[in-house]
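K.L.:
Right, I'll just put the structure down here and ask away after.
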Ligand code: PEP
């Protein structure tokens, strides 16, 4: 059974002291929820401080980006080896990186390979733009993003996929649970064709795009959706805690047990 996951992408928000304050506000509450993987992804500069704060708790740490070279003259970049020493997860291919920083499928692929090689668990983000969605091209776009991101990768390791329709990110306009479930099902089917049914069944696929405490229930009720990648709402301790708590109530261990008996 797939363990549900809620990951908070803090993006370019919080100074180090603000990051510490935010973790202090949610650490205890998050730690008490045992049957959901809780991942927080603060900016690079706060990873070390946050790591110390969550030591000994069940909260996990992720970065928001990575460079694909191991070391060298790449001023300002952060390598897989540096991250592997600090955290477990790394977000790769977020639409903001694809669009503002021109990250191509080829670059995303190099980053995924580098992360897996270093033992990191990539959270691979894919999603279509509004015009692609409206033109009925969602499946075509996702198929191409999966193809290019995973080219030449035989072993997915601890990879997680986040389906994030670009038109839903930071806009307050979330997909519907039904739409998202259908698309996540399509992603799982595409993975199954390349890697086999077993790998696809075990792969965690999250939904991301304007998830809040108010709509968590709608997404977590969906059987294909294994959790959420949360942007804006992950910067508010009470919202993030509520999202994790609801996920636990809907998809937690007892529910998974019931489902497996059916
Ligand atoms: C994100 O940054 O991945 C995201 C989904 O943002 P938001 O929840 O703010 O839409």
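Residue numbers (our numbering): 162 to 423.
Virtual Cβ for every residue (Gly too), placed ideally from N, Cα, C.
All figures in this text were calculated on a predicted structure; none of them were measured in a lab.
#1: Considering only C-alpha positions, which residue in the set 234, 235, 199 and 233 is nearest to residue 222?
#2: Any chance the stretch 373-384 sits against the stretch 333-346, with 3 or more Cβ pairs inside 8 Å?
#3: For the beta strand (DSSP E) that residue 120 lies in, which residues bound it at each end?
#4: Among the residues of its own chain, which have a CB less than 8 Å from the CB of residue 270, if the five just before and after it don't count?
#5: Return the first residue and the last residue of the beta strand (DSSP E) that residue 427 is part of.
#6: Classify residue 272 as buried or exposed, calling it buried when 16 or more other Cβ atoms lie within 10 Å of its own Cβ.
#7: Residues in its own chain within less than 8 Å of residue 408 by CB, not counting five upstream and five downstream?
#8: What residues in its chain sit with their C-beta under 8 Å from that of residue 177, if we drop five residues either side in the sequence?
#9: Answer yes or no: do residue 186 and residue 398 have a C-beta to C-beta separation smaller than 7 Å?
#10: Quick one: what does DSSP say residue 266 is sitting in, helix, strand or coil?
#11: Tell me the rounded alpha-carbon separation between residue 316 and residue 356.
#12: Out of 193, 204 and 238, which one is the CA nearest neighbour of residue 217?
#13: With DSSP as the reference, label residue 198 as helix, strand or coil.
#14: Measuring CA to CA, which of 174, 286, 358 and 184 is closest to residue 401?
#15: Flag residue 284 as yes when its Cβ comes closer than 6 Å to any non-hydrogen atom of the ligand PEP, and as no otherwise.
#16: Shorter than 6 Å, the distance from the beta carbon of residue 371 to the closest heavy atom of the ligand PEP, or not?
#17: Quick check on DSSP: helix, strand or coil for residue 229?
#18: Quick check for students: name the residue ranges of the beta strand (DSSP E) that lie wholly in the stretch 268-298, counting only runs of 3 or more.
P.N.:
Taking the definition as stated:
#1: Residue 222 sits at position 61 when you count from the first residue of the chain shown. The residue with the shortest Cα to Cα distance from residue 222 is 199.
#2: Yes, they touch.
#3: No information on residue 120 is available, as it lies outside the stretch 162 to 423 that the chain covers here.
#4: Counting from one through the chain shown, the residue named residue 270 turns up at place 109. The residues are 309, 310, 311, 312, 313 and 314.
#5: The displayed coordinates of the chain run from 162 to 423. Any statement about residue 427 would go beyond what the structure contains.
#6: On the chain shown, position 111 is the one that residue 272 refers to. Answer is buried; the Cβ neighbour count reaches 16.
#7: Along the chain shown, one-based indexing puts residue 408 at 247. Hits under 8 Å: 165, 167, 197, 377, 381, 388 and 389.
#8: Working through the chain shown from its first residue, we reach residue 177 at position 16. So the qualifying residues of the chain are 206, 207 and 210.
#9: Sequence index remark: in the chain shown, residue 186 carries index 25 (1-based). Sequence index remark: in the chain shown, residue 398 carries index 237 (1-based). Yes. Within cutoff.
#10: The sequence position of residue 266 within the chain shown is 105, counting from 1. Here residue 266 sits in helix by DSSP.
#11: For this step, residue 316 is matched to residue 155 along the chain shown. For this step, residue 356 is matched to residue 195 along the chain shown. Cα-Cα distance, rounded: 9 Å.
#12: Residue mapping note: residue 217 aligns to position 56 of the chain shown, counting from 1. The candidate whose alpha carbon is nearest that of residue 217 is 193.
#13: Indexing the chain shown from 1 puts residue 198 at position 37. In the three-state DSSP reduction, residue 198 falls in the strand class (E or B).
#14: Counted from its first residue, the chain shown places residue 401 at position 240. Among 174, 286, 358 and 184, the Cα nearest to that of residue 401 is on 184.
#15: Within the chain shown, residue 284 is the residue found at index 123, counting from 1. The answer is no for residue 284.
#16: Here the question's residue 371 lines up with position 210 in the chain shown. Because some heavy atom of the ligand PEP lies under 6 Å away, the Cβ of residue 371 counts as near it: yes.
#17: What you label residue 229 is simply residue 68 of the chain shown in a count that begins at 1. It is coil, neither helix nor strand.
#18: 282-287
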